[in-house]
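Asker: Here it is, the structure, as structure tokens.
There are 2 protein chains.
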Amino acid sequence: VCVGIDPVLERLPAELAPRARTSAAAAGAVERFGRDVLDAVAAHVPAVKLNIAFFEAFHAAGIAAFQRLISYAHERGLLVIADIKRGDIGSTAQFYARGHLERSAFEDIPESSVPDAVTLSGYLGAGSVKPFIEAAKRTGRGMFVLVRPSDPGADEVHDFGGERPFYRHMAKLVDAWGSDAAFVGEYGLSCVGAVVAPKDAESTAELRAAMPRTIFLVPGYGAQGAGAEACRPCFLTGGRGAIVNASRSVIYAYEEPRYSEKFGQDWRKCVSAAAAEFCAEITRVVQAP
Amino acid sequence: VCVGIDPVLERLPAELAPRARTSAAAAGAVERFGRDVLDAVAAHVPAVKLNIAFFEAFHAAGIAAFQRLISYAHERGLLVIADIKRGDIGSTAQFYARGHLERSAFEDIPESSVPDAVTLSGYLGAGSVKPFIEAAKRTGRGMFVLVRPSDPGADEVHDFGGERPFYRHMAKLVDAWGSDAAFVGEYGLSCVGAVVAPKDAESTAELRAAMPRTIFLVPGYGAQGAGAEACRPCFLTGGRGAIVNASRSVIYAYEEPRYSEKFGQDWRKCVSAAAAEFCAEITRVVQAP
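If you read the protein sequences in the order shown, they are chains X and W. Positions in the first sequence are counted from 1; adding 135 to them yields my numbering. Positions in the second sequence are counted from 1; adding 135 to them yields my numbering.
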């Protein structure tokens, strides 16, 4: 399991509201929130996902906060997925890989601020992913390429092709991109993973079979509507091969009466309890026969 | 026409080499280069495109440099396209739009640092583009959604579907997303444009017909191999409806003997001459009967 950190200024606990209308003050507020969330969930989950969109909204100050949060998550022993969904032709992708997955080339950028994996948009073909695969090979890191997104609005693109839909084509490509033995580790899993939303059990199982070496990053749990049971076909036998992410249902748990009535003003305890429950629920599904 | 600014540290003129191994020094070097390029091309072209990947490689310092360059381009009277290729589900896209196209919400971020248009990846459907359309409506700005990229490596994705290929499907969607009368201006063109690489004349003309209200941002000219003649079918009759971009062939003109032999060490004159030639060549094609 993995907790997604998507901090929205307007939803932060009142005590964290920024004191000035500057990007620096706003970035400072989401950074404080992010650190507290990391503290609250670190005991319950092995990994976190930081969505860079929620930091880019605060420009350079947001990017600096994003990187410091990655370092802090590493200090807390967490694996970090940077949810960046970058995708461009090879000559450009090379620079995205330098910025987000390669070893730090700069004295003022600590290696701890580089994530363990990124999400990618592979719609410009192998060239858009290759620079990340090269970086992953050198650094032991990895990536998750979009195959089937969680938003039903994406179906107008991903169901294109009818009987043999576009997302199945992307699955085939992602499987091929990651199949080289040099990219596959001791558990038979590749550094090239896939973002796969759990929809009906049949189509999810088909995707699982089409990408046998691919770790699934599974969005859509919680606030986006998927339950733990829907995630089951994303796992390989033995409970390997998938990482289920929950973002809003965990980090904004203090907005839910069932938590706030129990913990009152202590929003950190609400987040912590939601992370523990989320983990327990997925574990139960994975361990069920 | 439009000059693309994709600054690569290793290719900068020697006088601009950074003095320290920090992201701040590197970002400073590409910013100085970018300012000089803007000065060199401002007399010859109406627009520039800044590719954010080449700045993200320098982390927060790179983003700050990127934004200052946008402001500087505006000071020089240029229109600015921020080549960001962002694409995520609606709830995330909203924050990408805040970061890149909405009016500045912060006192320390000048409105002049917001570009006039962005490039987008629309593969997560209407939801991924809608927040940008809303921002464009409010601010008079615009966007270019990927329809057919220039890299032949992208064909494995875009030719999917055979007779009725995927890129044609994207063209249909982009046309629909921008068709509302509220998005169409006095010349009959929509704020929702498309990135369309010029390949064979027939398929390019088909795309032009499929998106009659759509401004084409045309990559692939120059270093990527397309000539001016190939760009002709991207234009509407009368020479409207397309923006042809050249990046490397202009900004690194000083690496080409035909310029450096003429202008010697004055790399800025090489860039200026290449921009003037590029503009003349496209103008000739557009004005030809």
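Ideal Cβ positions, reconstructed from N, Cα and C, are used throughout, including at glycine. Quick caveat, the model's predicted, so the values are computed rather than measured.
1. Would you mind giving the Cβ-Cβ distance between Ala306 (chain X) and Leu342 (chain X), rounded to the nearest angstrom? I have them listed as a contact below 8 Å.
2. Does the region 268–283 of chain W come close enough to the region 318–328 of chain W that 3 or more CB-CB pairs lie under 8 Å?
3. List, in chain order, every chain X residue whose beta-carbon is nearer than 7 Å to that of Tyr231 (chain W).
4. Taking the alpha-carbon of Ser263 (chain X) as reference, which of X:Ser248, X:Thr254, X:Asp286, X:Ala228 has the nearest alpha-carbon?
5. Just confirm the distance between the C-beta atoms of Leu352 (chain X) and Ile216 (chain X), as a whole number of angstroms; I'd bet it's less than 8 Å.
6. How many Å lie between Pro424 (chain X) and Met346 (chain X) at the Cα?
7. Within 9 Å of any Cβ in chain B, is that where the Cβ of Ser206 (chain X) sits?
8. Would you list the residues sitting across from Met278 (chain W) in a DSSP beta bridge?
9. Could you pull out every residue in the same chain whose Cβ sits closer than 6 Å to the Cβ of Asp251 (chain W), ignoring the five residues on either side in sequence?
10. With a Cβ-Cβ cutoff of 9 Å, do Val176 (chain X) and Val385 (chain X) count as a contact?
11. Taking a contact to mean a Cβ-Cβ separation below 9 Å, would you say Thr254 (chain W) touches Ile224 (chain W) in this structure?
12. Which of the three DSSP states is assigned to Ala217 (chain W) in this structure?
13. The alpha helix (DSSP H) that contains Phe351 (chain W), what's its start and end?
14. Short check: CB of Val249 (chain X) to CB of Val183 (chain X), under 9 Å?
15. Does the Cβ of Thr418 (chain W) have 16 or more other Cβ atoms within 10 Å, making it buried, or fewer, making it exposed?
16. Restricting to Cα atoms, I'd like to know which of X:Phe295, X:Arg233, X:Cys369, X:Arg403 is closest to Ala271 (chain X).
17. Once DSSP output is grouped into helix, strand and coil, what is the label at Tyr231 (chain X)?
18. Give every residue of the same chain whose Cβ lies closer than 6 Å to the Cβ of Val165 (chain W), excluding the five residues on either side of it in the sequence, and list them in chain order.
19. Output the distance between the C-alpha atoms of Arg348 (chain X) and Ala289 (chain X), rounded to the nearest integer angstrom.
20. Step through the CB atoms of chain W and report whether any lies within less than 9 Å of the CB of Asp251 (chain X).
21. Would you say Ser384 (chain W) reaches chain X, if we count a Cβ-Cβ gap shorter than 9 Å as a contact?
22. Among W:Ser226, W:Ala159, W:Val180, W:Ala152, which one has its Cα closest to the Cα of Gln359 (chain X)?
23. Are any of the Cβ atoms in chain W nearer than 9 Å to that of Leu352 (chain X)?
24. Can you find a C-beta in chain W that's less than 9 Å from the C-beta of Asp171 (chain X)?
25. With contact counted as at least three CB pairs below 8 Å, one residue from each stretch, are the region 239–248 of chain W and the region 152–167 of chain X in contact?
26. Would a C-beta distance cut-off of 9 Å place Ala161 (chain W) and Ala195 (chain W) closer than the cut-off?
27. Do Leu324 (chain X) and Gly376 (chain X) count as a contact pair if the criterion is CB distance below 9 Å?
28. In terms of residues, what are the limits of the alpha helix (DSSP H) holding Cys414 (chain X)?
29. Which residues does DSSP list as the beta-bridge partners of Cys137 (chain W)?
30. Less than 8 Å between the CB of Tyr258 (chain W) and some heavy atom of the ligand SAH, yes or no?
31. Does any CB atom of chain X fall closer than 9 Å to the CB of Ala161 (chain W)?
32. Which one or two residues does DSSP pair with Arg283 (chain W) in a beta bridge?
33. What in chain X is Cβ-close to Ala387 (chain W), meaning under 9 Å?
34. So the alpha helix (DSSP H) Thr339 (chain X) belongs to, where does it begin and stop?
35. Looking only at its chain, what residues have a beta carbon closer than 7 Å to the beta carbon of Leu185 (chain X), apart from the 5 residues adjacent to it on each side?
36. What is the DSSP secondary structure of Ala361 (chain W), reduced to helix, strand or coil?
Answerer: Quick answer:
1. 5 Å
2. yes
3. Ala188, Glu191
4. X:Ala228
5. 7 Å
6. 22 Å
7. Annotation note: the requested chain B is absent from the structure, which comprises protein chains X and W.
8. W:Val253, W:Val327
9. Leu214, Val215, Arg276
10. yes
11. no
12. strand
13. Per DSSP, Phe351 (chain W) belongs to no alpha helix (DSSP H); it is in the beta strand (DSSP E), 351–353.
14. no
15. exposed
16. X:Arg233
17. helix
18. Pro142
19. 25 Å
20. no
21. no
22. W:Ser226
23. no
24. no
25. yes
26. no
27. yes
28. 402–422
29. W:Ala182, W:Asn380
30. As for the ligand SAH, it is missing from this structure, which has no ligand bound.
31. yes
32. W:Val331
33. Looking at the sequence shown, residue 387 (chain W) is not Ala but Tyr. Residues of chain X passing the Cβ test: none, with the nearest at roughly 12 Å.
34. 336–345
35. Ile140, Phe201, Leu204, Ile205, Val215, Ala217, Asp218
36. strand
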